[in-house]
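**Q** Here you go, one structure.
Number of protein chains: 2
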Amino acid sequence: MTGTEAGAPRKRRADSRRNETALLEAAAAAFVASGVNAPVRDIAARAGVGVGTIYRHFPTRADLIVAVYRHQVEACAAAGPVLLAESATPHAALASWIHLFVDFLVTKHGLAEAMRSDDAAFQTLHAYFLDRLVPVCAELLDAASTAGEIIPDMDALVLMHGVGNLCIGADNPGYDARLMVGLVIAGLRLR
Amino acid sequence: MTGTEAGAPRKRRADSRRNETALLEAAAAAFVASGVNAPVRDIAARAGVGVGTIYRHFPTRADLIVAVYRHQVEACAAAGPVLLAESATPHAALASWIHLFVDFLVTKHGLAEAMRSDDAAFQTLHAYFLDRLVPVCAELLDAASTAGEIIPDMDALVLMHGVGNLCIGADNPGYDARLMVGLVIAGLRLR
DNA sequence: TTGGAAAACGGAACCATGTTCCGTATGTTT
DNA sequence: AAACATACGGAACATGGTTCCGTTTTCCAA
C-alpha cells in the first residue's frame, strides 16, 4: 500500500490549480475595474481561459466573490474582539467595527448590492458573510447593551443588513454612506 | 385658417390614448405580480400590445414607473406640510412623514432598488422622486433643526437616499426596514 | 518511456431580456 | 373617398448568463 488507506485520490491536476489562481487574480482585477458584476466572459478573457472553466471552478458568481474577498472578511471578523478589548467602551468598539465593515464594502463596487440580492445564486455570498460577521457583530452589540450603552435586543442580522444597504451606491457623489451609518450608530444609543 | 394660429396640432389618435392607459394598467398589475422589473414582454402581453408600443409611450422603464406611481408620490409630497402643521413637534412630523415614505417604498417590490440604480435609464425616476420629495423632506428637517430637536445641516438628499436604501429587501423575513429607519430618525435627535 | 484512463479545458450554442427598426394597419382630415 | 400622418406589431439584433460536449492535458502505472 501507499500508506494512505481509503483514498489516495489522485492529486489535483496542475493546470486546474493554475487556472484557479489565474481566475482569482483576473476576477479581482475585473472587480476593481468594473465592479463585482463584471461580465463572465471578461473575467475568463483576463484569465486566459474559457467560460466553462469559470463555472467549473466557481459554480456561481457568489462563490467567486467569496473566494476573492475571503481574506478581507476574515480580517474584519478578527478585528471585532480586538476592538472590543482595546476600545474605551463597547459602544466605541461597535462603532469602530462597523466603520471597518463599511470601509470594506464601499471600496468594492457593487458588492453591497450583490450582498442583498435575493437571487438564489447569491445565497452562498449571503451565507458566508452573515455566518462570519453576524456573530462578531452580535458579540459587540451584546457587550454594549450589557454595559447599558445601547438599546437592548438589537438584532445583529438586521443591523448588518441595514448597514450593508446603506453602503449601496456609496460612490454616488450626492450621497454619504458613512454619515448615514453614523446616524444609525447614534440611534442605537440609549439617551 | 382653422382658427388656432400657430398650432392646431391634430389631436392625439384614439388608439394611442387607449394603449397608453392599457399599458399603465398592465404595468401596475405586472409590478404588483413581479416587481418593477417585470419583463417588458410581459407587460406588453398583459396590455395586448407589441413591445414597440411600450417604448413609443414610455422610452425608458423609469418613465413607466413614474407614470404608474405618480399619484402616490404626489400624495406623499402633499402630506409633508399637513403633518408639519398637525404634529406635536417638527421631529414627530418628520418621523411620520418618513414612515409614510417607507410604507410606500416597501410595498413596491424592487422600487427601492430601482431608485438607486445608477443606470442611465433610471435617471428620470431618480430625478422625479428627488425633485418632488427632497424639498418636502428639507422643509421638515429645517423645521426640526430650527426647533433645536435634531442635528443641524442634515442634507435632505442624503437622508432620502439612505432611507431609500434601507428599504431595499424590506420583504426579506430576516430584515426590518422600519426598525432601521427608526434608528436613523433617533440618531438625528440631539441629545 | 509510454499507453491510456481520468480530469479539465474551450468555446460554440442556447436562453432570457432589453432595444431598435420598418413594413403594415389604423385613424384623421379634407 | 382619397391621401396623409400616426401608431402599431413583432421580427431582428445586442448583451450577458449558462450548459454541453468534442478535444486536450495531465497523471499514473506498467
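Top to bottom, those sequences are chains H and F. As numbered in this note's numbering, residues 1 to 191 make up the first sequence, in order. As numbered in this note's numbering, residues 192 to 382 make up the second sequence, in order. Even for Gly, the Cβ is constructed at its ideal location relative to N, Cα and C. Since the structure is predicted, the reported quantities are computational estimates derived from the model, not experimental observations.
Around the Cβ of H/HIS161, are there at least 16 other Cβ atoms within 10 angstroms (buried) or fewer (exposed)?
**A** With 16 or more Cβ atoms within 10 Å of its Cβ, H/HIS161 is classed as buried.
**Q** Going by DSSP, what residues sit across from H/ILE150 in a beta bridge?
**A** Bridge partners of H/ILE150: H/ARG189.
**Q** Taking a contact to mean a Cβ-Cβ separation below 8 Å, would you say F/ILE359 touches H/ILE168 in this structure?
**A** Yes, the pair counts as a contact, with Cβ atoms nearer than the cut-off.
**Q** Ignore the nearest five residues each way along the sequence and tell me which others in H/GLY3's own chain have a CB closer than 6 Å to its CB.
**A** Confidence at H/GLY3 is low in this model, with a pLDDT of 37, below 50, so its placement is unreliable and the value that follows should be read with caution. Contacts found: none.
**Q** Using a beta-carbon distance below 8 Å, is H/TYR175 in contact with chain F?
**A** With 8 Å as the cut-off, H/TYR175 counts as an interface residue toward chain F.
**Q** In chain H, which residues lie less than 9 Å from F/ASN228 when you measure between Cβ atoms?
**A** Neighbours of F/ASN228 on chain H: none; closest Cβ ~12 Å, over 9 Å.
**Q** Do F/ARG380 and F/HIS282 count as a contact pair if the criterion is CB distance below 8 Å?
**A** Cβ atoms of F/HIS282 and F/ARG380: closer than 8 Å.
**Q** Please classify H/SER16 as buried or exposed, where buried requires at least 16 neighbouring CB atoms within 10 angstroms.
**A** Looking at its Cβ environment, which holds fewer than 16 other Cβ atoms inside 10 Å, H/SER16 is exposed.
**Q** Would you call the segment 53-69 of chain H and the segment 24-42 of chain H in contact, with 3 or more CB pairs under 8 Å?
**A** Contact holds: three or more Cβ-Cβ distances are below 8 Å.
**Q** With a threshold of 8 Å between beta-carbons, can F/LEU291 be considered close to chain H, or not?
**A** With 8 Å as the cut-off, F/LEU291 does not count as an interface residue toward chain H.
**Q** Can you say whether F/HIS317 is buried or exposed, counting buried as having 16 or more other CB atoms within 10 angstroms of its CB?
**A** Answer is buried; the Cβ neighbour count reaches 16.
**Q** Got a sec, what are the start and stop residues for the alpha helix (DSSP H) F/PHE295 sits in?
**A** Residues 281-297.
**Q** Rounded to the nearest angstrom, how far is the Cβ of F/LEU285 from that of F/LEU331, given a contact under 8 Å?
**A** Indeed they touch by this definition, with Cβ atoms about 4 Å apart.
**Q** Assign F/THR212 to one of three DSSP states: helix, strand, or coil.
**A** Helix.
**Q** Taking all protein chains shown into account, decide if H/LYS11 is buried (16 or more other Cβ within 10 angstroms of its Cβ) or exposed.
**A** Exposed, by the Cβ-count rule.
**Q** Could you check which residue in F/ALA270, F/GLN263 and F/ALA368 has the C-alpha nearest to that of H/ASN165?
**A** Among F/ALA270, F/GLN263 and F/ALA368, the Cα nearest to that of H/ASN165 belongs to F/ALA368.
**Q** Rounded to whole angstroms, what is the Cα-Cα separation between H/ASP171 and F/ALA238?
**A** Their Cα atoms are separated by approximately 38 Å.
**Q** Does the beta carbon of F/HIS352 come closer than 8 Å to any beta carbon on chain H?
**A** So, interface residue.
**Q** Between H/ALA14, H/ASP42 and H/ARG13, which has its C-alpha nearest H/GLU25's C-alpha?
**A** Here the closest residue by C-alpha is H/ASP42.
**Q** Just confirm the distance between the C-beta atoms of F/THR315 and F/THR251, as a whole number of angstroms; I'd bet it's less than 8 Å.
**A** Confirmed, about 6 Å.
**Q** What is the DSSP secondary structure of H/HIS71, counted as helix, strand or coil?
**A** H/HIS71: helix per DSSP, three-state reduction.
**Q** Tell me whether F/GLY271 sits in a helix, a strand or coil according to DSSP, three-state version.
**A** Helix.
**Q** Is the Cβ of H/ILE65 closer than 8 Å to any Cβ of chain F?
**A** No, H/ILE65 does not count as interfacial toward chain F.
**Q** So, under 8 Å CB-CB, F/GLY339 and F/VAL227 are touching, yes? Tell me the CB distance rounded to an integer number of Å.
**A** About 40 Å; that fails the 8 Å criterion.
**Q** Along chain H, in chain order, which residues have C-beta atoms closer than 8 Å to that of F/ILE359?
**A** By Cβ distance, chain H contributes ARG116, ASN165 and ILE168.
**Q** Out of F/TYR366, F/SER287 and F/ALA312, point me to the one whose CA is closest to F/CYS328's CA.
**A** Checking every option, the nearest Cα to that of F/CYS328 belongs to F/SER287.
**Q** When you compare the CB positions of H/PHE129 and H/VAL163, do they come within less than 8 Å of one another, or not?
**A** No.
**Q** Taking C-alpha atoms, which residue in F/ALA205, F/LEU324 and F/THR337 lies nearest to F/PHE295?
**A** Measuring from the Cα of F/PHE295, the nearest candidate turns out to be F/LEU324.
**Q** Here's the rule: buried if 16 or more other CB atoms are within 10 angstroms of the residue's CB, otherwise exposed. What is F/VAL242?
**A** When all chains shown are included, F/VAL242 counts as exposed.
**Q** Step through the CB atoms of chain F and report whether any lies within less than 8 Å of the CB of H/ALA186.
**A** It does; some Cβ of chain F falls within 8 Å.
**Q** Need the endpoints of the alpha helix (DSSP H) that H/ASP42 sits in, please.
**A** Taken as a continuous stretch (DSSP letters only), the alpha helix (DSSP H) holding H/ASP42 covers 40-47.
**Q** Can you tell me which of the three DSSP states H/SER34 falls into?
**A** Of the three classes helix, strand and coil, the one that applies to H/SER34 here is helix, per DSSP.
**Q** If you follow the alpha helix (DSSP H) that H/HIS54 is part of, which residue opens it and which one closes it?
**A** The question names His, but residue 54 of chain H is Ile in the sequence shown. Taken as a continuous stretch (DSSP letters only), the alpha helix (DSSP H) holding H/ILE54 covers 51-57.
**Q** What do you reckon, are the CB atoms on F/ALA377 and H/GLY187 nearer than 8 Å?
**A** In this structure, H/GLY187 lies closer than 8 Å to F/ALA377 by Cβ.
**Q** Can you list the residues of chain H that F/ARG208 reaches, using a CB-CB cut of under 9 Å?
**A** By Cβ distance, chain H contributes nothing, its closest Cβ being about 37 Å from F/ARG208, past 9 Å.
**Q** In chain order, which continuous runs of the alpha helix (DSSP H) of length 4 or greater are located wholly inside the segment 304-372 of chain F?
**A** Listed in chain order, they are 314-337 and 347-357.
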